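Enquirer: One structure coming up, written as structure tokens, with questions to follow.
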Amino acid sequence: MEPTASEIRIDFAPMLRVYQDGRIERILGTQTVPPGLDPETNVESKDVVYSQETAQCVRIYVPGT
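Numbering (our numbering), first residue to last: 456 to 520.
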């Protein structure tokens with residue numbers, strides 16, 4: 456029998472679940488920090504849109520010079 460998209464492939468409870476269709480659900484720890492400059496390390500972070508269709512973005516870390 457073929458697995459359905461909503462079936463859980465891997466369950467890392469209580470942190471996250473990975474589904475057969477590749478979706479990842481974060482159960483715990485879903486708070487995010489806004490991008491910006493860390494004055495202690497001089498590293499800047501930026502959020503870049505990866506896919507507008509699925510509203511996915513990635514965070515890029517740029518070290519200071």
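The C-beta atom is built at its ideal place from N, Cα and C for all residues, glycine as well.
Quick caveat, the model's predicted, so the values are computed rather than measured.
1. Ignoring anything shorter than 3 residues or poking outside the segment 457-513, list the beta strand (DSSP E) runs there in chain order.
2. Given Q511, which residues of its chain have a CB within under 8 Å of its CB, disregarding the five upstream and five downstream residues?
3. Tell me, to the nearest whole angstrom, how far the beta carbon of I463 is from that of Y474; I am working on the premise that it is less than 8 Å.
4. Based on Cα-Cα distance, which residue from I515, P494, A468, V498 lies nearest to G484?
Expert: By the coordinates alone:
1. 463-467, 471-474, 479-481, 498-506
2. Residue numbering aside, residue 511 sits at position 56 when the sequence shown is read from its first letter. Answer for Q511: V504, Y505, listed in chain order.
3. Taking the first residue of the sequence shown as 1, we reach residue 463 at position 8. Taking the first residue of the sequence shown as 1, we reach residue 474 at position 19. Their Cβ separation, rounded to whole angstroms, is 6 Å, which keeps I463 and Y474 in contact under 8 Å.
4. As a first step, residue 484 must be located in the sequence shown, where it is residue number 29. That would be A468, whose Cα lies nearest to the Cα of G484.
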